[in-house]
Amino acid sequence: MKLSARNQLEGRVVAVERGATTAHVRIELPGGALVTAAITNEAVEDLGLAVGDAAVAVIKASDVMVGKRG
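Throughout, my numbering is defined as the position within the sequence shown, counted from one, plus 6.
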């Protein structure tokens with residue numbers, strides 16, 4: 007899969023929680039960090055996503071916010 011987005015995080019699906027129209031897909035990255043994506047239930051079905059599948063979290067954003075505590 008080739009994409010223009012440079013932020014591609016490979017991991018494994020650890021949860022798929024479906025709502026009325028949107029699903030939350032949780033991907034565990036190497037090292038244990040978790041990334042959660044909100045996608046449509048239709049996208050989950052089209053991709054055939056299930057717990058245990060290898061997956062890639064692709065992050066494409068035009069803005070990034072930075073904060074500092076303290």
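Glycine residues also receive a C-beta, built at the ideal position from the N, C-alpha and C atoms. All values derive from a computational prediction rather than experimental measurement.
Along the chain, where does the alpha helix (DSSP H) that runs through A49 open and close?
Taking the first residue of the sequence shown as 1, we reach residue 49 at position 43. Note, A49: alpha helix (DSSP H), N47 to L53.
Taking the beta strand (DSSP E) that G17 falls in, what are its first and last residues?
Working through the sequence shown from its first residue, we reach residue 17 at position 11. Note, G17: beta strand (DSSP E), N13 to R24.
Leaving aside the five residues before and after T24 along the sequence, list all residues of the same chain whose C-beta is less than 6 Å from its C-beta, in chain order.
If you number the sequence shown from 1, residue 24 lands on position 18. Residue 24 is actually Arg in this sequence, not Thr. If we look at R24 and ignore the five residues flanking it on each side, its Cβ neighbours are N47.
Could you pull the DSSP bridge partners for L40 from this structure?
By 1-based counting over the sequence shown, the position of residue 40 is 34. Paired residue(s): E34.
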